[in-house]
Every structure is written in C-alpha cells, then in structure tokens.
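The sequence shown: position 139 = 229 (my numbering), numbered continuously. We treat Cβ as the ideally placed atom computed from N, Cα and C, and that holds for glycine. Working notes, beginning with the structure itself.
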Amino acid sequence: MAISYYVLLFAFLYYLTKHFLRKFQNLTPNPYLSLPIIGHLYLFKKPLHRSSAKISNQYGPVQFLQLGSRPVLLVSSPSAAEECFTKNDIVFANRPALLAGKHLGYNYTTLVWASYGHQWRNLRRIATLEILSTSRIQMFSGIRSQEVHSLIGRLFRGSSDDEYHMVAMKSAFLEMILNIMMQMIAGKRYYSENSTELEETRKFKEILTETFLLSGTNIGDFLPILKWVVFNGIEKRLKVLQEKRDKFMQDLIEEHRRMRSNSSPEQRNKTMIDVLLSLQETEPEYCKDEIIRGIMIVSYVALSSLHPQSSSFKDGESTCIVMVGRRLRENMCENREEDLVVVVMLSAGTDTSAGT
Numbered sequence: 091m092a093i094s095y096y097v098l099l100f101a102f103l104y105y106l107t108k109h110f111l112r113k114f115q116n117l118t119p120n121p122y123l124s125l126p127i128i129g130h131l132y133l134f135k136k137p138l139h140r141s142s143a144k145i146s147n148q149y150g151p152v153q154f155l156q157l158g159s160r161p162v163l164l165v166s167s168p169s170a171a172e173e174c175f176t177k178n179d180i181v182f183a184n185r186p187a188l189l190a191g192k193h194l195g196y197n198y199t200t201l202v203w204a205s206y207g208h209q210w211r212n213l214r215r216i217a218t219l220e221i222l223s224t225s226r227i228q229m230f231s232g233i234r235s236q237e238v239h240s241l242i243g244r245l246f247r248g249s250s251d252d253e254y255h256m257v258a259m260k261s262a263f264l265e266m267i268l269n270i271m272m273q274m275i276a277g278k279r280y281y282s283e284n285s286t287e288l289e290e291t292r293k294f295k296e297i298l299t300e301t302f303l304l305s306g307t308n309i310g311d312f313l314p315i316l317k318w319v320v321f322n323g324i325e326k327r328l329k330v331l332q333e334k335r336d337k338f339m340q341d342l343i344e345e346h347r348r349m350r351s352n353s354s355p356e357q358r359n360k361t362m363i364d365v366l367l368s369l370q371e372t373e374p375e376y377c378k379d380e381i382i383r384g385i386m387i388v389s390y391v392a393l394s395s396l397h398p399q400s401s402s403f404k405d406g407e408s409t410c411i412v413m414v415g416r417r418l419r420e421n422m423c424e425n426r427e428e429d430l431v432v433v434v435m436l437s438a439g440t441d442t443s444a445g446t
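In structure tokens form, the structure reads like this:
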C-alpha cells in the first residue's frame with residue numbers, strides 16, 4: 091500500500107513540475123501525454139520518419155517532444171527549418187553528447203560532433219576554404235567524369251549483344267561512389283571491371299558498414315537509467331571500430347607522407363590528404379593527425395550516399411537500357427538532346443523466387 095502511495099505521489103509531482111516548467115520556458119504546445127521517464131518515446135515506431143510525419147500532419151510542423159531525458163524539437167516545414175538554421179543557427183549549432191560521438195567523433199571534436207566554439211570554427215574554416223572550395227571541387231571533376239564514364243562503358247559492354255541483361259545497379263553505383271571517394275581523398279581506385287577485391291578494399295567496406303550500423307542513436311542515449319545495461323556491449327563495439335578506423339586512416343596518412351617526401355612540389359596537393367598535410371606544415375597546431383583522420387572519416391561517410399545501408403536500390407534485379415550519344419558534361423546548364431551522352435533507363439526488378 092505504501093509503495094502505491096509513493097508511486098502516485100511521484101507521478102503527480104512529476105506531472106505538476108513538467109506542467110509549470112513548460113509554461114515558464116514558453117515551449118511549443120504538445121497535445122501528447124509525456125509519460126514519466128520515457129516521455130514521448132512511445133509515439134515512435136519504425137520507420138521513424140513515418141512516425142515523425144504522422145505527428146507533424148496531426149498537430150503542426152513544429153512540435154516539442156521529450157524523448158526520455160532529451161528535449162527534441164520536431165520541425166517539418168521549410169519555413170520553420172529556415173528559421174532554425176538561418177536566423178537562429180548559433181542557437182541550434184550545438185550537438186547532443188551521444189555515445190557514438192564520444193568514440194567515433196574523437197570525444198566530440200570532429201566536424202559532425204563538435205559543438206559551436208573554437209574547434210568547430212576551425213574545422214569549418216578548413217572544410218570551407220581547403221576541402222570544399224569551388225576550385226578544389228573543380229579540381230576533382232576529372233575523377234568524377236572518369237568514373238561515370240567507366241561505369242557507363244561497363245554497362246554498354248555488358249549489353250553489346252542487343253539483348254536485355256539484369257544488372258546489380260546497387261553494387262555498380264556503390265563501386266563507382268567508392269572509387270570517386272577514394273580517389274578524391276587518397277588517390278586510390280579500389281574497383282575496376284576485371285579486378286578482384288583487395289584486402290584493403292575489404293577492410294574499407296567493412297569499416298563503412300560498421301560505421302553506418304553503429305553511428306546512430308540507441309535507447310541508452312535517451313534513458314540514462316539503462317546506461318550500464320545497454321551501453322556496455324555497444325561501447326565495446328564502438329571502441330573496436332574506432333581502433334580499426336584509426337589504423338586504416340593513419341596508414342593512408344603515413345603513405346602520403348612518404349610519397350610527398352619523394353615528389354616534387356608540382357605533384358603534391360593532388361588529393362584531400364595531401365591538401366591537409368600541406369596545411370599541417372603551415373598550421374601544425376590547427377591540423378594535427380587526429381583532425382585529419384576526423385575530416386577523412388566524415389568525408390567517407392558523407393560521400394557514401396549509395397552505401398548498402400542507405401541506398402534506395404533494393405536487393406533485387408534491375409533492368410538497364412543503355413544508349414550512347416555525345417558526352418554529357420558537369421557544367422552543362424541545359425538538358426538538350428544533342429548534348430546527351432548516355433541515357434540509362436532503370437526499372438526496379440522483382441525476385442520471383444521470393445514471390446515479390
């Protein structure tokens with residue numbers, strides 16, 4: 091009886107405190123009941139984006155939610171997003187302290203995980219001026235053009251007998267993206283039409299796959315009460331993954347250091363690693379190896395938009411029809427018929443053996 095009394099008293103005081111605190115903080119109204127400890131977590135089911143869309147459609151584009159111990163602002167309209175990230179960008183510049191950021195983000199010091207401050211401003215300066223400047227992106231345009239042309243050539247040669255062929259487009263696009271990425275960052279090409287998978291390639295794909303799987307949130311990030319139950323196994327996996335990522339990237343850095351020592355100044359600054367090593371020579375305190383590794387892994391993940399974990403292509407078959415004409419260039423501002431080099435028509439296939 092006494093236990094029931096204390097439980098009811100706790101629930102009443104919790105509701106009363108939250109009610110007056112919300113009024114004092116002038117938060118957006120929320121029609122959903124926030125439960126003790128879990129808050130609004132009970133509203134979310136997989137896929138999460140559909141749960142978010144359902145909430146927004148019912149109660150408006152801006153909703154304040156309490157996900158466990160973390161306050162969350164759900165924004166689902168362009169005007170509200172613009173107000174958050176343009177007019178109030180400094181207010182929303184900080185990052186949540188999640189477990190993945192502690193281990194994969196070098197204790198919240200990479201561009202993705204760092205909160206607004208000196209470290210974040212330095213990383214943004216390096217990214218904006220040295221990595222993502224217009225001239226730097228243009229410098230890598232030849233790599234992108236070469237890899238797209240190589241992919242199209244493979245598709246064309248595969249259909250040269252005027253018959254339909256089933257093509258695993260997800261794998262083809264993934265290999266193209268990884269080649270572009272690795273050539274821009276490290277000057278390496280891991281995939282070609284007739285090559286087998288190298289050990290270095292296998293390690294790289296394994297690192298990317300594990301990063302996509304472990305870099306998100308988990309229930310322990312929202313419910314600290316479960317920290318010691320949930321975090322233990324995940325934290326071990328994150329530590330092992332970070333050790334593998336560090337070794338892989340540091341080996342690439344050391345390889346480029348050796349190459350730079352034996353090359354002329356004209357041959358340097360051909361890759362992202364070279365650019366960062368040049369910056370390290372002039373600003374050693376702002377561009378340490380740890381910062382270079384952090385920028386590299388952020389670039390890997392950002393450029394891997396066609397990774398199997400995020401690709402919109404399913405594990406079925408695709409029908410591919412290739413027609414060849416004139417070459418299509420990146421800087422074409424009009425889609426004119428006479429400029430078109432290749433038309434690739436794709437239709438998602440079905441797995442008849444699975445009955446889909």
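| Asked | Found |
| --- | --- |
| Collapsed DSSP secondary structure at Ser-152 in the structure displayed | Checking the sequence shown, residue 152 turns out to be Val, not Ser. Note: Val-152 maps to strand in three-state DSSP. |
| Beta-carbon proximity check, Ser-166 vs Ser-142, cutoff 9 angstroms | yes |
| heavy atom of the ligand SAM below 8 angstroms from Gln-209 C-beta | Annotation note on the ligand SAM: not contained in the displayed structure, which lists no ligands. |
| Beta carbon of Phe-338 nearer than 9 angstroms to that of Lys-293 | yes |
| For Pro-161: DSSP bridge partner residues | Gln-156 |
| Supposed contact pair Arg-350 and Asp-364 - C-beta distance, whole angstroms, cut 8 angstroms | 7 angstroms |
| Where the alpha helix (DSSP H) containing Val-365 begins and where it ends | 362-372 |
| Residues near Leu-304 by beta carbon distance below 8 angstroms, same chain, minus five either side | Ala-190, Leu-194, Ile-324, Arg-327, Leu-328, Leu-331 |
| Leu-126 versus Leu-342 - alpha carbon distance | The question names Leu, but residue 126 is Pro in the sequence shown. Cα to Cα, Pro-126 sits roughly 49 angstroms from Leu-342. |
| Contact check, Met-362 vs Ile-275, beta carbons under 9 angstroms | yes |
| Environment of Ile-93 [buried if 16+ CB atoms lie within 10 Å] | exposed |
| Range covered by the alpha helix (DSSP H) that runs through Asp-311 | 309-312 |
| Status (buried if at least 16 other CB within 10 Å, exposed otherwise) for Thr-301 | buried |
| Residues bridged to Gly-207 [DSSP beta-bridge criterion] | Paired residue(s): none; Gly-207 is not in a bridge. |
| DSSP state of Gly-243 mapped onto helix, strand, coil | helix |
| Separation of Ile-309 from Leu-163, as counted between CA atoms | 18 angstroms |
| Member of Leu-219, His-346, Val-388 whose CA lies at the smallest distance from the CA of Leu-298 | Val-388 |
| Cβ contact (3+ pairs, closer than 8 angstroms) linking the segment 221-241 and the segment 371-383 | no |
| Test item: CB-CB of Leu-133 and Phe-312 under 9 angstroms | no |
| C-beta contact flag for Ile-221 and Leu-367 at 9 angstroms | no |
| Which residues DSSP lists as bridging Gly-129, in chain order | Leu-125, Leu-157 |
| Under 9 angstroms between C-beta atoms of Ala-183 and Tyr-206 | yes |
| Euclidean distance between Cα positions of Met-422 and Met-259 | Low local confidence applies: a pLDDT of 48 at Met-422 is under 50, so the model's placement there is unreliable, with the coordinate-based value given in what follows. Their backbone Cα atoms lie some 25 angstroms apart in a straight line. |
| First through last residue of the alpha helix (DSSP H) which encompasses Arg-292 | 289-304 |
| Cβ-Cβ distance between Glu-265 and Tyr-281 below 9 angstroms | yes |
| As assigned by DSSP and simplified to three states, the class of Asn-178 | coil |
| For Arg-215, the nearest candidate out of Ala-392, Tyr-390, His-346, Leu-369 (CA to CA) | Leu-369 |
| Proximity winner among Met-272, Ser-124, Asp-179, Pro-161, relative to Glu-237 (alpha-carbon distances) | Met-272 |
| Residue burial classification, Gln-156 (beta-carbon count within 10 angstroms, cutoff 16) | buried |
| For Phe-175 and Ser-124, the rounded distance between their alpha carbons | 27 angstroms |
| Chain-order list of residues whose beta-carbon lies under 8 angstroms from that of Lys-317 (same chain, five-residue window excluded) | Gly-310 |
| Spatial distance of Thr-224 from Glu-345 (CA atoms) | 27 angstroms |
| Residue environment, Leu-241, which counts as buried when at least 16 other CB atoms sit within 10 Å | buried |
| Where the alpha helix (DSSP H) containing Thr-199 begins and where it ends | Premise fails: Thr-199 is in no alpha helix (DSSP H) and is neither H nor E. |
| Of the residues Ile-385, Ser-261, Tyr-390, the one placed nearest Tyr-196, counting alpha carbons only | Ile-385 |
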